[in-house]
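Asks: Just passing along the structure, written as structure tokens.
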Amino acid sequence: MKGRPIDQIVYESMFPKPKSTDPHNFQGLLQRQLVPEVRLETQAFYGHLSSQEAKYPGLDYSYGPHRIRLSRYQWHRRLFRAFDNLGLTQSEIAGLTKWEGTRWAKERFEREQGIVIRDTSGDGIGPFIEPQDRVPSVPSAQRAHIEYMEDVEEDRESDGMEEDDEESDVEIQSVGFALNERLRAAVAQREAGNGGIVMDEEWEQWMKDAVEAGVLPYNDVNLSPDANIPGTRP
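What follows is the structure, encoded as structure tokens:
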């Protein structure tokens, strides 16, 4: 577009019939409406205005994501509508948008200061992966259900092992009580003079199994029916 200044053409597109309460020109619109909206957006986006990046956010009025952010505000929506209706090129838009918070302001500051302000808005965002190359992830709800079922299964196995241990203890104790009674009877007959009484073979087998299982230390056991053997006394 050539001829009249672009700011005048944009102003007339936004205010075809300006009212007395409307800005009188584009500069009035800029100071009263556009710059305050830029500050609101910068504060909302960064949460502060203290860093160099927040002071010079480099908003590009031809860049889609920046236009979406700024379009939340009334006067920027009308500005972008005017850009589109007039069919302005990116070069024409860049030549117009030279105010606080724009790409022009950031590049001028970097050039004057000899520094580069790093854009941190993409920090924490991983590289783009094509849909066909993505590894499907398990939804959090399904993953939580799987972990819960694994915990339930472990609890069941643990309870089963404890029950088996309790049954084994009861079995050893019951066998021990019966053998102990028979051995006491055999000892009593021996003491009465009946030397032909043979000690119970089943008792000997039980003692052997108990030692091998680690229930009783062999060296510390007095192989006597009166010995204090765990699990053999009522």
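In our numbering, the protein residues as written are 44 to 277. Glycine included, C-beta positions come from ideal geometry on N, C-alpha and C. These numbers were taken from a predicted model, which means no experiment stands behind them.
Just the Cα atoms here: how many angstroms apart are E84 and R120?
Replies: Straight-line Cα distance between these residues: approximately 13 Å.
Asks: Can you tell me the Cα-Cα spacing of R146 and P174, whole angstroms?
Replies: Answer to the nearest angstrom: the Cα atoms are 33 Å apart.
Asks: Out of E193, D162, D176, G71, which one is the CA nearest neighbour of S94?
Replies: D162
Asks: Under 7 Å between the Cβ atoms of Q133 and S105?
Replies: yes
Asks: Give every residue of the same chain whose Cβ lies closer than 7 Å to the Cβ of Y54, excluding the five residues on either side of it in the sequence, and list them in chain order.
Replies: N68, F69, L72
Asks: In or out: P100 buried (at least 16 other Cβ within 10 Å) or exposed?
Replies: buried
Asks: Which residues share a DSSP beta bridge with L102?
Replies: Answer is T145.
Asks: For A148 and V178, what's the separation of their Cα atoms in angstroms?
Replies: 42 Å
Asks: Please return the same chain residues whose Cβ sits closer than 7 Å to the Cβ of E153, not counting the five positions on each side in sequence.
Replies: Hits under 7 Å: V159, I160.
Asks: According to the neighbour-count rule (16 or more other Cβ atoms, all chains shown, within 10 Å of its Cβ), is L139 buried or exposed?
Replies: buried
Asks: By Cβ distance below 7 Å, which residues in the same chain neighbour A97 in space, the five residues on each side in sequence not counted?
Replies: T85, Y89, H91
Asks: My output table needs one value for S93: the three-state DSSP class, helix, strand or coil.
Replies: coil
Asks: Short of 6 Å in beta carbon distance, which residues of its chain neighbour M57, apart from the five on each side in sequence? Order them along the chain.
Replies: R121, A125
Asks: Just curious, the alpha helix (DSSP H) that P108 is in, first and last residue?
Replies: For P108, the enclosing alpha helix (DSSP H) covers residues 107-113.
Asks: Distance check for P108 and I189, CA to CA, integer angstroms please.
Replies: Rounded to the nearest angstrom, the two C-alpha atoms are 39 Å apart.
Asks: Can you tell me where the alpha helix (DSSP H) holding E135 begins and where it ends?
Replies: 133-139 is the span of the alpha helix (DSSP H), which, as asked, contains E135.
Asks: With a Cβ-Cβ cutoff of 7 Å, do W118 and E80 count as a contact?
Replies: For the pair W118 and E80, the CB atoms are nearer than the 7 Å cut-off.
Asks: May I ask you to report which of helix, strand or coil DSSP gives N68?
Replies: coil
Asks: Does the beta-carbon distance from E135 to I49 come in below 7 Å?
Replies: yes
Asks: What separation, rounded to the nearest whole angstrom, lies between the Cα atoms of E224 and Q248?
Replies: Distance between the alpha carbons of E224 and Q248 is about 16 Å.
Asks: In three-state terms, what does DSSP make of P277?
Replies: Its pLDDT being 49, under 50, P277 is placed unreliably by the model, and the measurement read from it follows with that caveat. Coil, per DSSP.
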